[in-house]
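Residue numbers (our numbering): 10 to 218.
Note that CB positions come from ideal geometry on N, CA and C, so glycine has one too.
As the structure is a prediction and not an experimental result, all values here were calculated from the model.
These notes are about the structure you will find just below.
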Amino acid sequence: MTTPSPHEPVYADRVYRSPMAVVTGVLLLALIGWLCGDAVVRGGGTARWAGLAVALFAVPLTVAFTLRPAVFANDDRMRVRNPFRVITLPWAAVDVVRAGYSAEVLAEGSTYQLWSVPVSLRDRKKAGRRLSRRDALSGKGLGAEAGPADADGPQRAAADRAVDELRELAERGAARPGAQGSVTVKWAYEIIVPAVLGAAALVVLLATG
Numbered sequence: 010m011t012t013p014s015p016h017e018p019v020y021a022d023r024v025y026r027s028p029m030a031v032v033t034g035v036l037l038l039a040l041i042g043w044l045c046g047d048a049v050v051r052g053g054g055t056a057r058w059a060g061l062a063v064a065l066f067a068v069p070l071t072v073a074f075t076l077r078p079a080v081f082a083n084d085d086r087m088r089v090r091n092p093f094r095v096i097t098l099p100w101a102a103v104d105v106v107r108a109g110y111s112a113e114v115l116a117e118g119s120t121y122q123l124w125s126v127p128v129s130l131r132d133r134k135k136a137g138r139r140l141s142r143r144d145a146l147s148g149k150g151l152g153a154e155a156g157p158a159d160a161d162g163p164q165r166a167a168a169d170r171a172v173d174e175l176r177e178l179a180e181r182g183a184a185r186p187g188a189q190g191s192v193t194v195k196w197a198y199e200i201i202v203p204a205v206l207g208a209a210a211l212v213v214l215l216a217t218g
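Encoded structure:
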């Protein structure tokens with residue numbers, strides 16, 4: 010990693026994650042712990058082993074799809090932590106950050122989904138209705154020119170605001186010395202291995218049960 014010059018301020022990473030996913034993950038983990046713990050404590054025979062196998066399989070997957078996804082962005086790069094991979098993208102390697110039906114980043118000919126920035130069409134519609142009501146109250150017509158308050162866009166959907174911020178960081182940081190380099194991808198074996206072992210144990214228990 011390139012060390013910034015003494016004249017360049019260093020800022021902490023911006024973190025983008027879904028609060029709803031985090032809440033859902035905590036509730037699911039509590040439910041899994043209760044059900045599997047009950048099977049282990051009160052069950053007999055293969056029920057205990059089945060409870061352990063289900064926990065070994067379900068807990069990593071629950072973490073992967075709820076608590077784990079996050080995007081970390083600073084002046085030099087973006088790190089995308091998806092369920093099974095971690096993608097590090099220096100800004101110079103990023104072609105575009107966009108949000109259609111999902112938020113994604115294009116870099117070096119590949120497309121990577123941003124799991125932690127879910128796109129909600131309902132949120133977009135609500136933002137559009139708020140903007141329409143504001144324009145109607147302010148007396149603006151459809152052809153009215155947008156002012157500074159419109160450009161600021163607090164009415165925009167959360168995913169669109171996050172993508173706008175990431176796009177601005179990419180454009181501003183692409184020329185920085187520390188933002189050069191290629192995309193790197195690492196698999197999350199700490200998630201994959203336990204889930205595979207749990208699935209294999211379940212298959213064995215079902216086959217021999």
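Residue closest to residue i, alpha-carbon to alpha-carbon, out of the options
i: G118; options: E174, T71, R170, V192; result: V192
i: M87; options: L215, G53, E177, S129; result: E177
i: C45; options: A197, L130, F66, T33; result: F66
i: W124; options: A166, A210, A30; result: A30
i: L38; options: R23, A56, P203, L70; result: L70
i: T120; options: I41, N91, V32; result: N91
i: E180; options: G52, L214, V106; result: V106
i: S36; options: V95, A21, V68, V50; result: Looking at the sequence provided, one finds Leu at residue 36 rather than Ser. When each option's Cα is compared against that of L36, the closest is V68.
i: L130; options: L115, A21, Y110; result: Y110
i: V6; options: R51, A64, T55; result: Since the first residue of the chain shown is 10 and the last is 218, residue 6 is not available in this structure.
i: I200; options: R94, G52, R23, V128; result: R94
i: T217; options: Y25, I41, G54; result: G54
i: S27; options: V212, G190, V128; result: V128
i: Y25; options: G190, D173, A48; result: D173
Per DSSP, cross-strand counterpart(s) of residue i
i: I96; result: V89, V194
i: S119; result: A116
i: R23; result: A82
Where residue i falls: helix, strand or coil (DSSP)
i: R107; result: strand
i: G207; result: helix
i: G52; result: coil
i: A39; result: helix
i: R170; result: helix
i: W58; result: helix
i: A183; result: coil
i: P157; result: Unreliable positioning characterises P157 in this predicted model, as indicated by a pLDDT of 40, which lies under 50. A coordinate reading is not provided.
i: P219; result: Beyond the ends of the chain as shown, which are 10 and 218, falls residue 219; an answer cannot be given.
i: R176; result: helix
CB-CB length for residue i against residue j, believed under 8 Å
i: A171; j: V126; result: 5 Å
i: V72; j: V80; result: About 17 Å; that fails the 8 Å criterion.
i: A21; j: A112; result: 22 Å between Cβ atoms; not a contact.
i: A188; j: D85; result: 5 Å
i: L175; j: A82; result: 6 Å
i: I219; j: V194; result: No information on residue 219 is available, as it lies outside the stretch 10 to 218 that the chain covers here.
| query | Should the segment 72 to 79 be called in touch with the segment 52 to 60, which here means at least 3 C-beta pairs below 8 Å? | reply | no
>> Is it the case that the segment 168 to 188 contacts the segment 87 to 101, given that we only count it when at least three CB pairs across the two stretches are under 8 Å?
In response: yes
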